[in-house]
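**Q**
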Amino acid sequence: GAVVSQHPSWVICKSGTSVKIECRSLDFQATTMFWYRQFPKQSLMLMATSNEGSKATYEQGVEKDKFLINHASLTLSTLTVTSAHPEDSSFYICSARAGGLGDTQYFGPGTRLTVL
Amino acid sequence: ELKVEQNPLFLSMQEGKNYTIYCNYSTTSDRLYWYRQDPGKSLESLFVLLSNGAVKQEGRLMASLDTKARLSTLHITAAVHDLSATYFCALQGAQKLVFGQGTRLTINP
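Here the protein sequences line up with chains A and B, keeping their order. Under the numbering used here, think of the first position of the first sequence as 18, with each following residue one higher. Under the numbering used here, think of the first position of the second sequence as 5, with each following residue one higher.
1) By DSSP's criteria, A/L91 is part of a beta bridge. Which residues make up the other side?
2) According to DSSP, which residues form a beta bridge with B/Q41?
3) Can you list the residues of chain A that B/L69 reaches, using a CB-CB cut of under 7 Å?
4) Does B/D70 come out as helix, strand or coil in the three-state DSSP assignment?
5) Rank B/T110, B/D70, B/G106 and B/G97 by C-alpha distance to the C-alpha of B/E5 and give the top, closest one.
6) Under 7 Å Cβ to Cβ from A/D105, same chain only, skipping five residues before and after it: list those, please.
7) Could you check whether the Cβ of B/S33 sits closer than 7 Å to any Cβ belonging to chain A?
8) So, does the CB of A/I110 fall closer than 7 Å to a CB anywhere in chain B?
9) Going by the DSSP bridge assignment, what does B/N112 pair with across the sheet?
10) Hey, is B/L15's beta-carbon within less than 7 Å of any beta-carbon in chain A?
11) For A/G127, which residues in chain B fall below 9 Å Cβ to Cβ?
12) If the cut is a Cβ gap below 9 Å, which residues of chain A does B/V52 touch?
13) For chain B, find out if any of its Cβ atoms is closer than 7 Å to the Cβ of A/S106; answer yes or no.
14) Within the continuous beta strand (DSSP E) that includes A/A65, where are the two ends?
15) Do the region 27-35 of chain B and the region 65-81 of chain B meet, that is, are 3 or more Cβ pairs less than 8 Å apart?
16) Kindly list, in the order they appear in chain A, the residues whose Cβ is closer than 7 Å to that of B/G106.
17) For A/F124, list the residues DSSP reports as bridge partners.
18) Please say whether A/Q122 and A/S112 have beta carbons closer to each other than 7 Å?
19) Whose C-alpha, out of B/H85, B/K60, B/N56 and B/L101, is nearest the C-alpha of B/S16?
20) Using CA atoms only, rank isn't needed, just tell me which of A/S32, A/Q55, A/V20 and A/N68 is closest to A/R8.
21) Comparing C-alpha positions only, which one of A/S26, A/T48 and A/L43 sits nearest to A/G116?
22) In angstroms with no decimal places, state the Cα-to-Cα distance between B/G106 and A/I110.
23) Do B/S49 and B/V59 have their beta-carbon atoms positioned less than 7 Å apart in this structure?
24) With a 10 Å radius around its C-beta and 16 neighbouring C-beta atoms as the bar for buried, classify B/S46 as buried or exposed.
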């Protein structure tokens with residue numbers, strides 16, 4: 018099956034710093050990528066949807082100035098958590114889809130962010 | 005608004021027993037997914053169900069879909085400890101996947 022990678026797999030940072038997480042589709046071109054956040058013992062919450070070459074669409078309640086998403090190529094999307102605070106500590110998971118709604122989303126392995 | 009609800013949210017069972025996880029949803033959709041998540045890990049795709057009456061089986065897990073009842077089930081047969089995980093169903097909505105709350109399954113020896 019299709020493979021999606023994330024980097025880094027975990028990161029610890031100080032409060033106030035920015036952290037960038039990369040999501041790559043390794044063997045297919047992803048027209049759409051999704052970013053999710055998952056707090057402990059909870060379900061996945063969609064943060065934003067990004068299409069290659071266009072601005073991301075953020076879900077209600079997600080601060081677009083805090084969570085910067087770039088989808089500059091068909092194989093790479095990045096999520097930058099700006100001025101991170103302890104409440105941003107979470108498990109961030111990306112997924113990628115090659116085509117339209119009928120296509121499967123493939124999930125990355127996740128990135129665990131801990132903000133001290 | 006599309007809503008997906010799983011039942012039960014927590015399930016503790018003995019090895020060798022059978023049990024079913026239920027996934028109800030509020031509106032029609034083209035496809036329903038089941039995923040497994042181990043602690044600290046991302047999602048592992050188990051099944052995708054596309055049509056009414058669809059049934060898929062892999063090992064001790066069997067998933068079915070009843071679009072008229074807006075219900076999917078994940079049945080576990082003769083559970084073994086290795087199946088302990090959190091299981092999510094997710095429905096393809098107009099723009100995005102909508103996830104259920106997850107069912108945390110613990111299988112005791």
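The beta-carbon is built from N, C-alpha and C at its ideal position, and this holds for glycine as well.
**A** Put simply:
1) The partner list for A/L91 (beta bridge, DSSP) is empty, contrary to what the question assumes.
2) DSSP output for B/Q41 lists B/L47 and B/T90 as bridge partner(s).
3) The contacting residues do not exist; B/L69 stays about 16 Å from chain A at best.
4) strand
5) B/G97
6) V98, L130 and V132
7) no
8) yes
9) B/Q18
10) no
11) G44, K45, S46 and L47
12) T121
13) no
14) M62 to N68
15) With a cut-off of 8 Å, the region 65-81 of chain B and the region 27-35 of chain B count as touching, because enough Cβ pairs lie within range.
16) S60
17) A/S112
18) yes
19) Per the Cα distances, B/H85.
20) For residue 8 of chain A there is no data in the structure shown, the boundaries of chain A being 18 and 133.
21) A/T48
22) 16 Å
23) no
24) buried
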